[in-house]
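Under this note's numbering, the sequence shown has 176 at position 177, and the numbering climbs by one with no breaks. These notes are about the structure you will find just below.
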Amino acid sequence: MSDAAANPELGKTNEPQPERGGGGWLADAAAFLGASIGDGAAESGSLHALGDRQAAEQGLIGPWSEERGLILAATRLSQLLLGGTEHDVEFVGRPVSYVRRVTKPTDEARSVGYGHMPVVTGGLRLAPASLTTYLRRLLLLNEVFPDVAMTLEGFIRTPARLEVVTLQQYVPGRLLGDIAVEVGGHEVRRLIEGWFTRRGFAKLYMSDQPGPSHAWYRGADNTAVFDAKPANLLEWDGSLRPIDVNPVRPAGELLRAIKAAL
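Rendered as structure tokens:
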């Protein structure tokens, strides 16, 4: 049974089960793909290579998910609201208690990519990521920002591929992108910069990103955070919640490029 099918009460659907390991299905799926096909650390950002990797990942994760009852009905897609470039969303419960996120291809034309990852080819930039990298990203998000942790609900088959379905506890705040309309972009940037710097982060400057940077690095625990734009942060109860940022623990060439971009 999937997490959702095991218990109709959504408040209990994202509780990790002991037999699945401490991180629940999310950790299990990431570990399975990492052991089977590699962790994706050497991905170059090439869409051709990504397409080949995605085909291999789909061939592995499909049967794995079916055996565990993690293939969800396609009707889950019927209530989704249009989201950003990585996910569409659904607000679950009355009153709302969870946000359901469903991935969509980073590169729509080729139907490849699960969100983004930092690469150094052509300078420090973001490129479409593999499924393995995406799942590992969510695990790290849960570690670095546990108050906005996500759990894996399952996968949905579409004509092109499997999409990842996650649940995140609802935070009753306002997106900084909406607040910027009222108070101005400069004030919102000041809030974001203050929040990250108070937590020991320094700003990164991306090679292909004009305008304000949305990337940060903290040397104390070797944590980089990308895509920390207003649309991915909530203001709630006097603080910020990074609901959909992209954390990374860099090494090798990526770490050198990040340090050079400080």
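Glycine included, each C-beta is placed from N, C-alpha and C at the ideal position.
Just tell me which of the options has its CA closest to the CA of residue i.
i	options	result
residue 126	134, 120, 77 and 116	116
residue 251	179, 119 and 206	119
residue 29	46, 57 and 45	57
residue 158	73, 253, 67 and 213	73
residue 254	245, 222, 193 and 240	222
residue 53	32, 249, 95 and 70	32
residue 217	235, 196 and 205	196
residue 164	100, 237 and 261	100
residue 23	213, 248, 153 and 259	153
residue 236	187, 172 and 188	172
residue 220	134, 174 and 249	249
What is the rounded straight-line gap between the Cα of residue i and the Cα of residue j?
i	j	result
residue 185	residue 137	29 Å
residue 211	residue 182	17 Å
residue 242	residue 233	7 Å
residue 147	residue 82	18 Å
residue 122	residue 149	30 Å
residue 61	residue 161	8 Å
residue 193	residue 200	10 Å
residue 244	residue 65	29 Å
residue 70	residue 92	21 Å
residue 167	residue 260	32 Å
residue 95	residue 85	22 Å
residue 130	residue 155	14 Å
residue 42	residue 226	19 Å
residue 187	residue 77	34 Å
residue 204	residue 191	15 Å
residue 135	residue 141	10 Å
Starting from residue i, trace the beta strand (DSSP E) both ways and give me its first and last residue.
i	result
residue 214	214-217
residue 143	Taken as a continuous stretch (DSSP letters only), residue 143 belongs to no beta strand (DSSP E), being part of the alpha helix (DSSP H) at 130-143.
residue 240	238-240
residue 159	No beta strand (DSSP E) contains residue 159, which DSSP labels as neither H nor E.
residue 223	222-225
residue 118	115-118
residue 79	Segment: none, residue 79 is in no beta strand (DSSP E) and carries neither H nor E.
residue 203	201-203
Note down, in chain order, each residue of its chain lying with its Cβ closer than 6 Å to the Cβ of residue i, except the 5 sequence neighbours on either side.
i	result
residue 176	229 and 230
residue 256	119 and 123
residue 206	122, 123 and 124
To which residues does DSSP link residue i through a beta bridge?
i	result
residue 189	DSSP lists no partner for residue 189.
residue 53	Bridge partners of residue 53: none, in fact.
residue 146	Answer is none; residue 146 lacks a bridge partner.
residue 102	86
residue 235	238
residue 246	224
residue 60	None; residue 60 has no bridge partner.
residue 127	115
To which residues of the same chain is residue i closer than 7 Å at the C-beta, ignoring the five residues directly before and after it?
i	result
residue 112	49, 104, 105, 106, 127 and 128
residue 46	106, 109, 111 and 127
residue 63	31
residue 143	222 and 246
If I measure Cβ to Cβ from residue i and keep anything under 8 Å in the same chain, skipping five residues before and after, which residues do I get?
i	result
residue 80	87, 88, 89 and 90
residue 265	As shown, the chain starts at 0 and ends at 261. That puts residue 265 outside it, with no answer to give.
residue 198	217
Locate the alpha helix (DSSP H) running through residue i, then write down its first and last residues.
i	result
residue 31	23-36
residue 179	175-182
residue 255	251-259
Is there at least one Cβ from chain C nearer than 7 Å to residue i's Cβ?
i	result
residue 100	Among the chains of the structure shown, chain C does not appear; only one protein chain is present.
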